[in-house]
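Down below is the structure, laid out as structure tokens.
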Amino acid sequence: MKNAIKNLALLAILVLGTTKAVAQDIPNDTYEQKFKLGIGATVGYPFQDPYKLNVGGDVRLQYDLSKQYSLTATTGFNNLFVTGDNNDLGYIPAKLGFKAFVLKDQFYLMGEAGAAFAVTNNHNQTSLLLSPSIGYATKYIDISVRYEYLPDFPTVENNTADKGLGQVALRLAYGFNL
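Letter by letter, the sequence shown follows residues -23 to -1, 1 to 155 of mature numbering (1 follows the signal peptide of the UniProt record, and there is no 0).
Quick look at the structure:
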């Protein structure tokens, strides 16, 4: 986990250094930096047992640094469904991220990192949460696909207890300027 944190810090320094270098080359004519708020629904497919489906909702605050680059803060609630009674794992994600529009100010790449706090059915784990995504956004609609990795959540492999959950998720959101 220490290596993951070091790698994330190095990546953040590289991204911020690249952003500053690019920002110096782009004239700051009339772009107004602003906040946006997005409210989304997510459905995901977990790759490890015993989880069958992930359904959730989120709220994302976005601060546009420029027309191409934004900072994000995301939270919400997700529920990982498990067969049986009272086995589901619900968690609250808390993520910070960086979004870069790469094509016609609509297609973007985004990376988020943070923590996932388990809150249901006597689950009390907290896990690191890493989440790269690719998406398409218009003035009001945001559609994205992301991969999430939660290395500290319990899983089952070959009928033995294990840790490390990976999943792919589709997010549909409505966004607006604040």
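Glycine included, C-beta positions come from ideal geometry on N, C-alpha and C.
Discussion item. Output needed for residue 140: all residues of its chain with C-beta closer than 8 Å, excluding positions within five of it in sequence on either side, in chain order.
Written reply: On the sequence shown, position 163 is the one that residue 140 refers to. Cβ within range, chain order: 128, 129, 130, 131 and 132.
Item to complete: State the Cα-Cα distance for the pair residue 41 and residue 50, rounded to the nearest angstrom.
Response: Residue mapping note: residue 41 aligns to position 64 of the sequence shown, counting from 1. Residue mapping note: residue 50 aligns to position 73 of the sequence shown, counting from 1. Straight-line spacing of the CA atoms in residue 41 and residue 50 works out to 12 Å.
Worksheet entry | Proximity winner among 47, 71, 22 and 109, relative to residue 103 (alpha-carbon distances) | Position 126 of the sequence shown, counted from the start, is the residue given in the question as residue 103. Per the Cα distances, 71.
Discussion item. Give me the DSSP bridge partner(s) of residue 145.
Written reply: If you number the sequence shown from 1, residue 145 lands on position 168. DSSP, once it has assigned bridges, lists 22 and 124 as partnering residue 145.
Worksheet entry | Cut-off 7 Å between Cβ atoms - residues of its own chain near residue 68, not counting five sequence neighbours on either side | Looking up residue 68 in the sequence shown gives position 91. 55, 93, 94, 95 and 96, listed in sequence order.
Worksheet item: Does the distance from the CB of residue 21 to the CB of residue 31 come in under 8 Å?
Response: Indexing the sequence shown from 1 puts residue 21 at position 44. Indexing the sequence shown from 1 puts residue 31 at position 54. Yes. Within cutoff.
Discussion item. Just verifying my parser: in three-state terms, what is the DSSP assignment at residue 32?
Written reply: As a working mapping, residue 32 is identified with position 55 in the sequence shown. Looking at residue 32 - three-state DSSP - the assignment turns out to be strand.
Fill in: For residue 97, the three-state DSSP class (helix, strand or coil)
Stepping through the sequence shown from its first residue, residue 97 is reached at position 120. Looking at residue 97 - three-state DSSP - the assignment turns out to be coil, as it is neither helix nor strand.
Worksheet item: Who are residue 119's beta bridge partners in DSSP?
Response: Sequence index remark: in the sequence shown, residue 119 carries index 142 (1-based). Residue 119 pairs with 114 and 150.
Worksheet item: To which residues does DSSP link residue 104 through a beta bridge?
Response: For the purposes of this step, residue 104 is taken as residue 127 along the sequence shown, with counting starting at 1. Note: residue 104 sits in a beta bridge opposite 93.
Fill in: For residue 51, three-class secondary structure by DSSP
Against the sequence shown, residue 51 aligns to sequence position 74. Strand at residue 51.
Fill in: Beta-carbon gap between residue 98 and residue 119 smaller than 8 Å
For the purposes of this step, residue 98 is taken as residue 121 along the sequence shown, with counting starting at 1. For the purposes of this step, residue 119 is taken as residue 142 along the sequence shown, with counting starting at 1. Against a cut-off of 8 Å, the Cβ pair of residue 119 and residue 98 comes out as no contact.
Worksheet entry | Where residue 136 falls: helix, strand or coil (DSSP) | The residue given as residue 136 occupies position 159 in the sequence shown. Coil.
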